[in-house]
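I have placed the structure first, in the form of structure tokens, so that the comments after it can refer back to it.
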Amino acid sequence: MNGADALIETLVANGVTACFANPGTSEMQFVSALDRQPKMRPVLCLFEGVATGAADGYGRMADVPACTLLHLGPGYGNGLANLHNARRAFTPLVNVVGDHATYHRQYDAPLNSDIPTIVGPNSLWVKSADRAQDVAAIAAEAITASYGPPGGPVSLILPADAAWTETKVETVAARRPAREAPVNETVEAVAKAIRAAKKPVLLLGGQACLAPSIALASRLQSAGVRVLVDTFVARQPRGAGVFAPARMQYFGEAALADLEGVDLMVYVGTAMPVAFFAYPDRPSVLVPEGCETLTLADRKTDSVAALAALADALGAPAAGPVQPLKRPDAAPTGGLSPQACGLSIARHLPEGAIICDDAVTSGGGVAVPCMTTVPHEVLALTGGAIGIGLPLAIGAAVAKPDRKVVALSGDGSAMYTIQSLWTMARENLDVTVVVFANHSYRILNIEMGRTGAGNAGPSASKLLDLGDPRIDWVSMAKAMGVSAVRCETAEQFEAAFADAMTQPGPKFIEAAI
Numbered sequence: 036m037n038g039a040d041a042l043i044e045t046l047v048a049n050g051v052t053a054c055f056a057n058p059g060t061s062e063m064q065f066v067s068a069l070d071r072q073p074k075m076r077p078v079l080c081l082f083e084g085v086a087t088g089a090a091d092g093y094g095r096m097a098d099v100p101a102c103t104l105l106h107l108g109p110g111y112g113n114g115l116a117n118l119h120n121a122r123r124a125f126t127p128l129v130n131v132v133g134d135h136a137t138y139h140r141q142y143d144a145p146l147n148s149d150i151p152t153i154v155g156p157n158s159l160w161v162k163s164a165d166r167a168q169d170v171a172a173i174a175a176e177a178i179t180a181s182y183g184p185p186g187g188p189v190s191l192i193l194p195a196d197a198a199w200t201e202t203k204v205e206t207v208a209a210r211r212p213a214r215e216a217p218v219n220e221t222v223e224a225v226a227k228a229i230r231a232a233k234k235p236v237l238l239l240g241g242q243a244c245l246a247p248s249i250a251l252a253s254r255l256q257s258a259g260v261r262v263l264v265d266t267f268v269a270r271q272p273r274g275a276g277v278f279a280p281a282r283m284q285y286f287g288e289a290a291l292a293d294l295e296g297v298d299l300m301v302y303v304g305t306a307m308p309v310a311f312f313a314y315p316d317r318p319s320v321l322v323p324e325g326c327e328t329l330t331l332a333d334r335k336t337d338s339v340a341a342l343a344a345l346a347d348a349l350g351a352p353a354a355g356p357v358q359p360l361k362r363p364d365a366a367p368t369g370g371l372s373p374q375a376c377g378l379s380i381a382r383h384l385p386e387g388a389i390i391c392d393d394a395v396t397s398g399g400g401v402a403v404p405c406m407t408t409v410p411h412e413v414l415a416l417t418g419g420a421i422g423i424g425l426p427l428a429i430g431a432a433v434a435k436p437d438r439k440v441v442a443l444s445g446d447g448s449a450m451y452t453i454q455s456l457w458t459m460a461r462e463n464l465d466v467t468v469v470v471f472a473n474h475s476y477r478i479l480n481i482e483m484g485r486t487g488a489g490n491a492g493p494s495a496s497k498l499l500d501l502g503d504p505r506i507d508w509v510s511m512a513k514a515m516g517v518s519a520v521r522c523e524t525a526e527q528f529e530a531a532f533a534d535a536m537t538q539p540g541p542k543f544i545e546a547a548i
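Positions 36 to 548 (our numbering) are the ones given, in order, by the sequence shown.
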């Protein structure tokens, strides 16, 4: 037994049983050790950004971390964008980053890099296990750190010699630190401020958007407190029987217009809202002028307990509003649009499905009709780095193999991590991918005008257009082992999506909007 065995045994002993990997030479001892521990499921991803996004999706749904296996600094670098998203989602995730043998670092070999510096900005915790006898303890420390609270990615660096050196394997137990209890005085102060306010608002994020918190937030809405959630939420229930709070608007001016007259904003599991980008002559902070702000529960605090205490303090009703079950009666007809796709998705989505949303400008067309379909959950793009929808779906499907997963993606977003399709086929995951193909970075066309940069001319258009040459999505999906169909009408999409929801395994639908 060696250091790699010690690492895998400790991971498995602490519930980390999925490894999304793109290994190299430095990680071969870890790869070999997988044969000696069948409880660890290895999932090969052909790009590190797929591995890290899949680990994010797994952690969001399983509520325990997966691990990644990345090849030195460049391998981590390839996965960085989706680790940025995972950090913003506060997802527990353990990166195992292979490194050169400790004695080999001094020679500055071609793949040598300053790994601690590279991984630092998107890691809650970083440590190199330089001795085999220390690997188990450091692995347990990494798992504990990934839980936070709030959670997030951590990076355990494993030099090759620590992996291959023989050692006695004794696993070490990790801890899951408890969230802080809400402070009674804080709850009382917030309740008092709400009673005195003319137009109070609760803004929820993180843990406060999970099912137990959403049910409590519904009580507060019944008590006269408007409830909003962050623009992009890591995981949130949706559909019939679920409270549907409003969402903080994406565009800053729309958000402030929606918040006009609000004189008290209370944060629960989140922090001060800010505009996604800066724009000339527009505010960065999305809090109305003169509005008081209070924090009921920060991201380290138990939002469920805090919301329950506040609801009781305000004498809120025992239950609040929830969405009715109202699927669209008629199938859509005519030309294909995001709204037509949304109607079909709402008509045929199975109960308990998981939607991974990276659809960018097309997402709203699906969200609206799905508010009253059967209960399901939504995983959103939390950090703004597109290319996460397909990898998220891989992780969600591995974590919850009994639930249908639907990945919604713009065509620009899908090209970032299109290698995901190969992994879906290899693992036979029950994922239906819908790519909205408008052959454009449409959001950038919108943002170009908003930033004051003017309209796109001939040269600028070359950086915003995806139509020359047009991507053959069906051929690409089939080449990676996924059955695929192109839909140009609402009738075609209705039939394709309905069929995909009744058939297990990976499916690909190009929605030519």
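We treat Cβ as the ideally placed atom computed from N, Cα and C, and that holds for glycine.
I'd like the span of the beta strand (DSSP E) that includes M96, first residue to last. Locating residue 96 in the sequence shown gives position 61, where the first residue counts as 1. Run containing M96: none in the beta strand (DSSP E); it sits in the alpha helix (DSSP H), E83 to A97.
How would you write the range of the alpha helix (DSSP H) that Y451 sits in, first residue to last? Here residue 451 is taken as the residue at index 416 of the sequence shown, counted from 1. Segment D446 to Y451, the alpha helix (DSSP H) holding Y451.
Among S496, H106 and V409, nearest to G276 - alpha-carbon criterion: The residue given as residue 276 occupies position 241 in the sequence shown. Ranking S496, H106 and V409 by Cα distance to G276 puts V409 first.
Close-in-space but distant-in-sequence residues of the same chain around A177 (CB under 6 angstroms, 5 per side omitted): Counting from 1 along the sequence shown, the entry for residue 177 is found at position 142. The residues are V129, V189 and L191.
What is the DSSP secondary structure of T336, reduced to helix, strand or coil? Within the sequence shown, numbered from 1, the residue matching residue 336 stands at position 301. T336 falls in the strand class under three-state DSSP.
Within 10 angstroms of the Cβ of G466, are there 16 or more other Cβ atoms? Answer buried if so, exposed if not. One-based indexing of the sequence shown puts residue 466 at position 431. For the sequence presented, residue 466 should be read as Val rather than Gly. Burial call: buried.
Count the other CB atoms, across all protein chains shown, that sit within 10 Å of the CB of T152; report buried if there are 16 or more and exposed otherwise. Indexing the sequence shown from 1 puts residue 152 at position 117. T152 should be labelled exposed.
DSSP on L416, reduced to helix/strand/coil? As a first step, residue 416 must be located in the sequence shown, where it is residue number 381. Residue state, collapsed to three classes: coil.
Check K227 in the structure and name its three-state DSSP category. Numbered from its first residue, the sequence shown carries residue 227 at position 192. Residue state, collapsed to three classes: helix.
Have a look at the DSSP bridge pairing and note the partners of D134. On the sequence shown, residue 134 is found 99 positions in, with the first residue counted as 1. P194, per the DSSP bridge assignment.
Cβ separation of R254 and A354, assumed to be a contact under 8 angstroms, to the nearest whole Å: The count along the sequence shown starts at 1 and reaches residue 254 at position 219. The count along the sequence shown starts at 1 and reaches residue 354 at position 319. Their Cβ separation, rounded to whole angstroms, is 7 angstroms, which keeps R254 and A354 in contact under 8 angstroms.
Of all the beta strand (DSSP E) runs that stay within the bounds of the segment 47 to 85, which reach a length of 3 or more residues? 53 to 57 and 76 to 79
Candidates V309, A460, P272 and T126, of which the one nearest A289 by Cα: For the purposes of this step, residue 289 is taken as residue 254 along the sequence shown, with counting starting at 1. Of the listed residues, the one whose Cα sits closest to A289 is V309.
Per DSSP, what are the beta-bridge partners of V441 in this structure? Taking the first residue of the sequence shown as 1, we reach residue 441 at position 406. For V441, which the question treats as bridged, DSSP gives the partners I390 and T467.
Cβ of V264 less than 7 angstroms from any chain D Cβ? The chain inventory of the structure shown lacks chain D, comprising one protein chain alone.
Under 8 angstroms: do the segment 88 to 101 and the segment 426 to 433 share three or more Cβ pairs, one atom per stretch? yes
Please confirm whether A175 and V131 have their CB atoms less than 7 angstroms apart. Position 140 of the sequence shown, counted from the first residue, corresponds to residue 175. Position 96 of the sequence shown, counted from the first residue, corresponds to residue 131. No, these two residues do not count as a Cβ contact at 7 angstroms.
Inter-residue spacing [alpha-carbon to alpha-carbon] between A213 and H474: Translated into the one-based positions of the sequence shown, residue 213 becomes position 178. Translated into the one-based positions of the sequence shown, residue 474 becomes position 439. Looking at the two C-alpha atoms, the distance is approximately 47 angstroms.
Quick one: what's got a C-beta closer than 8 angstroms to P426's C-beta in the same chain, skipping five residues either side? Residue mapping note: residue 426 aligns to position 391 of the sequence shown, counting from 1. Counting only Cβ-Cβ distances below 8 angstroms, and skipping sequence neighbours, we find C80, G84, V85, A86, T87, G88, A89, D91, G92, N117, T452 and S455.
Just the C-alpha distance for M450 and G422, rounded to the nearest angstrom, thanks. Counting from 1 along the sequence shown, the entry for residue 450 is found at position 415. Counting from 1 along the sequence shown, the entry for residue 422 is found at position 387. About 7 angstroms.
Check whether the Cβ atoms of A167 and G38 sit closer than 7 angstroms, and answer yes or no. Sequence index remark: in the sequence shown, residue 167 carries index 132 (1-based). Sequence index remark: in the sequence shown, residue 38 carries index 3 (1-based). A contact, by the Cβ cut-off of 7 angstroms.
Where M36 falls: helix, strand or coil (DSSP): Looking up residue 36 in the sequence shown gives position 1. The answer is coil: DSSP assigns M36 none of H, G, I, E or B.
Between which two residues does the beta strand (DSSP E) holding H106 run? Position 71 of the sequence shown, counted from the first residue, corresponds to residue 106. Counting along the chain, the beta strand (DSSP E) containing H106 begins and ends at A101 to H106.
For the beta strand (DSSP E) containing Q271, list its first residue and its last residue. As a first step, residue 271 is located in the sequence shown; it is residue number 236 there, counting from the start. Q271 -> beta strand (DSSP E) spans Q271 to R273.
Nearest to V264 by CA position, among R282, L251 and P247, is which residue? If you number the sequence shown from 1, residue 264 lands on position 229. Nearest C-alpha to V264: R282.
Three-state secondary structure (DSSP) at K542? Position 507 of the sequence shown, counted from the start, is the residue given in the question as residue 542. Looking at K542 - three-state DSSP - the assignment turns out to be strand.
Pick from P184, P323, P272 and K513 that is closest to P247, judged by C-alpha positions: What you label residue 247 is simply residue 212 of the sequence shown in a count that begins at 1. The option with the nearest alpha carbon to P247 is P272.
At 4 residues or longer, what runs of the alpha helix (DSSP H) sit wholly inside the segment 233 to 308? 246 to 257 and 287 to 293
Identify whether A519 lies in helix, strand or coil by the three-state DSSP scheme. Here residue 519 refers to the residue found at position 484 when the sequence shown is read from its first residue. Reduced to three states, the DSSP call for A519 is strand.
Could you give the residue range of the beta strand (DSSP E) that holds K162? Along the sequence shown, one-based indexing puts residue 162 at 127. Its beta strand (DSSP E) spans residues V161 to S163.
Considering only the alpha carbon of each residue, which of N463, V401 and M483 lies closest to S444? Taking the sequence shown and counting its residues from 1, the one referred to as residue 444 is at position 409. Here the closest residue by C-alpha is V401.
Cβ shell of A48 (< 6 angstroms), same chain only, five flanking positions each side left out: Locating residue 48 in the sequence shown gives position 13, counting from the first residue. The residues are T206.
Over what stretch of residues does the alpha helix (DSSP H) that includes H383 continue unbroken? The residue given as residue 383 occupies position 348 in the sequence shown. Taken as a continuous stretch (DSSP letters only), the alpha helix (DSSP H) holding H383 covers P373 to H383.
Quick check on this structure: which residue in I544, F471, A346 and R317 has the alpha carbon closest to the alpha carbon of R230? Stepping through the sequence shown from its first residue, residue 230 is reached at position 195. The option with the nearest alpha carbon to R230 is A346.
Report yes if the C-beta distance between L371 and F471 is below 7 angstroms; otherwise report no. Your numbering for residue 371 matches position 336 in the sequence shown. Your numbering for residue 471 matches position 436 in the sequence shown. Cβ atoms of L371 and F471: not closer than 7 angstroms.
According to DSSP, what are the bridge partners of S475? As a first step, residue 475 is located in the sequence shown; it is residue number 440 there, counting from the start. DSSP lists D500 as partners of S475.
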